[in-house]
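What follows is a single structure, written as structure tokens, with notes after it.
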Amino acid sequence: MSTRPLLEVRALTTVLDRPGGAVPVINSVSFDVGRGERVAIVGESGSGKSTTALSMIGLLPRGLRHQAGQVLLDGLDITELRGEQMQAVRGRRVGVVFQDPLHSLDPVVTIGVQIAAVARKHEPQLRRREVQERVVELLSDVGFASPAEFMGRYPHQLSGGMRQRAMIAASLAGRPELLIADEPTSALDVTVQAQIIDLLERLSEGRGLAVVLITHDLGLVAGFAHRTVVMYGGTVVEVGATAELFRRPLHPYTEGLLACAPRIDGPLDELLVAIPGNPPTVASLPAGCTFAPRCPKVHDRCSAQRPELQSWQGAAVACHLVEKGVRS
Amino acid sequence: MSPVPLLDVHGLVKDFVVRRKKLRAVDNVSFDISSGETLALVGESGSGKSTAALCATLLEKPTGGSVRFDGTDMVAAKPSIRRRLRRDIQFVFQDPSSSLDPRMTVEEIVREPLDIHRVGTPDERRQRAMKLLDRVGIDPAAAQRRPASLSGGQRQRIGIARALALRPKLIVCDEPVSALDVSVRAQIINLLVELRAQESLSYLFIAHDLAVVRHIADRVAVLYLGTIVETGSKAEVFGRPAHPYTAALLSAVPSAEPDRTLERIVLGGDPPSPFDRPEGCVFQQRCWRADELCRRQRPALVEFRPGQQTACHHPIDDPGATT
Numbered sequence: 001m002s003t004r005p006l007l008e009v010r011a012l013t014t015v016l017d018r019p020g021g022a023v024p025v026i027n028s029v030s031f032d033v034g035r036g037e038r039v040a041i042v043g044e045s046g047s048g049k050s051t052t053a054l055s056m057i058g059l060l061p062r063g064l065r066h067q068a069g070q071v072l073l074d075g076l077d078i079t080e081l082r083g084e085q086m087q088a089v090r091g092r093r094v095g096v097v098f099q100d101p102l103h104s105l106d107p108v109v110t111i112g113v114q115i116a117a118v119a120r121k122h123e124p125q126l127r128r129r130e131v132q133e134r135v136v137e138l139l140s141d142v143g144f145a146s147p148a149e150f151m152g153r154y155p156h157q158l159s160g161g162m163r164q165r166a167m168i169a170a171s172l173a174g175r176p177e178l179l180i181a182d183e184p185t186s187a188l189d190v191t192v193q194a195q196i197i198d199l200l201e202r203l204s205e206g207r208g209l210a211v212v213l214i215t216h217d218l219g220l221v222a223g224f225a226h227r228t229v230v231m232y233g234g235t236v237v238e239v240g241a242t243a244e245l246f247r248r249p250l251h252p253y254t255e256g257l258l259a260c261a262p263r264i265d266g267p268l269d270e271l272l273v274a275i276p277g278n279p280p281t282v283a284s285l286p287a288g289c290t291f292a293p294r295c296p297k298v299h300d301r302c303s304a305q306r307p308e309l310q311s312w313q314g315a316a317v318a319c320h321l322v323e324k325g326v327r328s
Numbered sequence: 329m330s331p332v333p334l335l336d337v338h339g340l341v342k343d344f345v346v347r348r349k350k351l352r353a354v355d356n357v358s359f360d361i362s363s364g365e366t367l368a369l370v371g372e373s374g375s376g377k378s379t380a381a382l383c384a385t386l387l388e389k390p391t392g393g394s395v396r397f398d399g400t401d402m403v404a405a406k407p408s409i410r411r412r413l414r415r416d417i418q419f420v421f422q423d424p425s426s427s428l429d430p431r432m433t434v435e436e437i438v439r440e441p442l443d444i445h446r447v448g449t450p451d452e453r454r455q456r457a458m459k460l461l462d463r464v465g466i467d468p469a470a471a472q473r474r475p476a477s478l479s480g481g482q483r484q485r486i487g488i489a490r491a492l493a494l495r496p497k498l499i500v501c502d503e504p505v506s507a508l509d510v511s512v513r514a515q516i517i518n519l520l521v522e523l524r525a526q527e528s529l530s531y532l533f534i535a536h537d538l539a540v541v542r543h544i545a546d547r548v549a550v551l552y553l554g555t556i557v558e559t560g561s562k563a564e565v566f567g568r569p570a571h572p573y574t575a576a577l578l579s580a581v582p583s584a585e586p587d588r589t590l591e592r593i594v595l596g597g598d599p600p601s602p603f604d605r606p607e608g609c610v611f612q613q614r615c616w617r618a619d620e621l622c623r624r625q626r627p628a629l630v631e632f633r634p635g636q637q638t639a640c641h642h643p644i645d646d647p648g649a650t651t
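Which chain is which? The protein sequence lines are H and G, in order.
Just so we're aligned, residue 1 is where the first sequence starts under my numbering, counting upward by one.
Just so we're aligned, residue 329 is where the second sequence starts under my numbering, counting upward by one.
Structure (structure tokens):
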């Protein structure tokens, strides 16, 4: 087998077409996902994390346009694919799960029929019985104790957690190598959220499935992802092994994000270390480093020149301070 | 020892009728809040935490139970008296973009409660509004803007300024930071903590996020299916949870610490619907400690340790033994 990563995102840039000209929503985003690897993309609203996911699978909403960069799946640039070709990749090789399964599932078709349709689309040669077996297997894999019973249910008859599990089953019906999960648990209660993350981890281990988890919740990432990509203002500011990134964040934004999150255990101070200001919007991106206006360590160069993402002790970070070797 | 609590809620019950079926959203809930204190009602969706808060402030009429605010029986009070008492109770909601009138300017939004209650002269009201904006960290230059042109965090600051306008004694905060970005959340939590001390406020804080609650509450009441399953001081409930549901809820909170000390308990199933409340303990279907007794008889909320009450036949005694 090749040692090449399963997925290579290279300098991906997606723009929003506005009357005054195109503005970048994500700017030169790069990262890799290895086979069976779990990678988290973490960011706040406007960070570009979801646009990155949608760009990767060619599902950009109207107004957004792929401008530059590549998404290489096993070396094949899937941003070049159109229509049928793209559909053969999406679902078959890359499964997708969104935040709200109620919007992704067809309300008038039973769960079993929807999952069967995905399997049949990607493997038309499957016989009827094989499709049925696949559906039962998938539903039991995602934790339905009696799959036969759930196959006949409609989405509205299921709870939020069950719906999300059904959605995951459907996204796996084409037996993809990569699953992209965009905020899959944000609409769920915390105890159900724990179930879904647990499930994704189990599926990833059991099937050698690579997972890209997109989330705003750093806490979800800690126990789940091998590597973490931190995004801010449409750019990748830091990439690193998750445990290392949490223990020793390199970028001031990552550091601030970790410090300002309320904690469930550990020492308790009444006041949190807040990051001042607000995350930037697409329309108000600063010229230099996107974090410069809120950064406690800002200096002249930061507002003049945007730092490039570069390797630093096994991780990668986009910060002028790290370049200068101030942080080592 | 303790003086009369600011808010004293006893045996609160709220039934709704949905498609001819009776649904008990709040079942025999009691709590109190002293002056300057923060009580958090925590629970997942359908736990009844928001309904309990609405009934406790008489915004929803409770089906049963008593509510005393500042020593006055709110349920029995005449509407005029109730209205006067309500000035002392204000609200901050989850989504500031839907709770602020989009057509009003920021100054008008903050001034409106003062206008309605005709507090001082129009000039004094304007000054007070500007002072409040400054107090919550909004640039006076933004006073003539409308909410749509502001960020989520700024809008929530305005919601807080409006709630402060009538100098209330109690603010009900219903998920005040859940709609905000992580980096902005901390700013608002800090603001609420500072205001409580400076304006001598009490908070009834409703939240599903236990990490947020840990930073702001003095005492906590954990709700499940309309009933309080555990209540006590923050230190006890977070440090030594006695009810299995509390323990599971705490362990399910995603934590950004790679070396977290809490053991994870993943519950099976979903929070049940209030339409099919089980006989016996409300939590039995998802509880790993449940036995015959739990299925037969609902446990009462009783003192487990000083300052900590739990409704469980098999409470967790040793903090290590969560399984």
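Heads up, the beta-carbon is just placed ideally off N, CA and C, and yes, glycines get one too.
Which residue comes first and which comes last in the alpha helix (DSSP H) that contains residue i?
i: G:ASP451; result: 450–463
i: G:ASP355; result: Unbroken run through G:ASP355 is the beta strand (DSSP E), 349–361; no alpha helix (DSSP H).
i: G:LEU577; result: 572–580
i: G:ASN518; result: 510–526
i: H:PRO147; result: 147–151
If residue i and residue j are in contact, beta carbons under 8 Å, what's the gap, nearest whole angstrom?
i: G:ALA476; j: G:PRO430; result: 6 Å
i: G:VAL512; j: G:GLY487; result: Rounded, the Cβ-Cβ distance is 13 Å, inconsistent with contact.
i: H:PRO155; j: H:LEU105; result: 4 Å
i: H:ASP265; j: G:SER583; result: 7 Å
i: H:LEU271; j: G:VAL521; result: 6 Å
i: H:HIS226; j: H:VAL39; result: 7 Å
Taking the straight line between their C-alpha atoms, what separation do you get for residue i and residue j?
i: G:HIS442; j: G:LEU494; result: With the sequence shown as reference, residue 442 of chain G is identified as Leu, and His is not the correct amino acid for it. Whole-angstrom Cα-Cα distance: 7 Å.
i: G:ALA639; j: G:VAL557; result: 5 Å
i: G:ASP509; j: H:VAL42; result: 12 Å
i: H:HIS122; j: H:PHE144; result: 23 Å
i: H:LEU59; j: H:THR52; result: 10 Å
i: G:ALA384; j: H:GLY277; result: 35 Å
i: G:GLY596; j: H:MET162; result: 11 Å
i: H:SER45; j: H:ALA283; result: 13 Å
i: H:PRO279; j: G:LYS459; result: 26 Å
i: G:THR651; j: G:PRO569; result: The pLDDT assigned to G:THR651 is 44, lower than 50, so where the model puts this residue is not dependable, and the model offers no usable value.
i: G:ALA368; j: G:GLN455; result: 33 Å
i: G:MET329; j: G:GLY374; result: With a pLDDT of 44 at G:MET329, under the threshold of 50, the modelled position of this residue cannot be trusted; read the value that follows with caution. Rounded to whole angstroms, G:MET329 to G:GLY374 spans 36 Å at the Cα level.
i: H:GLU255; j: G:LEU621; result: 49 Å
i: G:GLU388; j: G:VAL341; result: 11 Å
i: G:THR574; j: H:ARG18; result: 50 Å
i: G:SER408; j: G:LEU529; result: 24 Å
i: G:HIS642; j: G:ALA628; result: 12 Å
i: H:PRO107; j: H:MET151; result: 14 Å
i: G:ASP537; j: H:GLY83; result: 43 Å
i: H:SER328; j: H:LEU172; result: Caution applies to H:SER328, whose pLDDT of 42 falls short of 50 and renders its modelled position unreliable; the value that the coordinates give is listed next. Taking the straight line from one Cα to the other gives about 42 Å.
i: H:PRO5; j: H:GLY20; result: 39 Å
i: G:VAL337; j: H:GLN157; result: 36 Å
i: H:LEU258; j: H:ARG165; result: 30 Å
i: H:GLN310; j: H:VAL33; result: 17 Å
i: G:ASP598; j: G:ASP343; result: 22 Å
i: G:GLY393; j: G:ALA405; result: 14 Å
Out of the options, state which residue places its alpha-carbon closest to the alpha-carbon of residue i.
i: G:LEU498; options: G:PRO504, G:GLU527, G:LYS342; result: G:GLU527
i: H:ARG10; options: H:ARG90, H:ARG306, H:SER55, H:SER47; result: H:SER55
i: G:VAL505; options: G:VAL540, G:SER479, G:ALA489, G:LEU478; result: G:VAL540
i: G:ARG352; options: G:GLY371, G:THR366, G:GLU365, G:ALA380; result: G:ALA380
i: H:ILE275; options: H:GLY288, H:CYS289, H:TYR253, H:VAL322; result: H:TYR253
i: G:GLY635; options: G:VAL565, G:GLU503, G:SER479, G:PRO606; result: G:VAL565
i: G:PHE632; options: G:THR559, G:ILE593, G:ARG490; result: G:THR559
i: H:CYS302; options: H:PRO61, H:PRO147, H:ALA318; result: H:ALA318
i: H:LEU203; options: H:PRO262, H:VAL15, H:ALA169; result: H:ALA169
i: G:PRO602; options: G:LEU551, G:LEU577, G:LEU382, G:LEU334; result: G:LEU551
i: H:VAL131; options: H:SER140, H:THR281, H:GLY112; result: H:GLY112
i: G:PRO333; options: G:VAL610, G:SER362, G:ARG463, G:SER358; result: G:SER362
Between which two residues does the beta strand (DSSP E) carrying residue i extend?
i: H:CYS302; result: Note, H:CYS302: premise wrong, no beta strand (DSSP E); alpha helix (DSSP H) at 300–304.
i: H:VAL273; result: Here H:VAL273 belongs to no beta strand (DSSP E), and DSSP marks it neither H nor E.
i: G:PHE397; result: 392–397
Item to check | Cβ contact check for the region 390–401 of chain G and the region 431–438 of chain G: 3 or more pairs under 8 Å | outcome: no
Checklist entry - Okay, do the region 206–217 of chain H and the region 72–84 of chain H touch, 3+ Cβ pairs below 8 Å being the bar? => result no
Checklist entry - Would you call the region 95–110 of chain H and the region 125–134 of chain H touching, i.e. three or more CB-CB distances under 8 Å? => result no
Checklist entry - Should the region 185–197 of chain H be called in touch with the region 157–174 of chain H, which here means at least 3 C-beta pairs below 8 Å? => result yes
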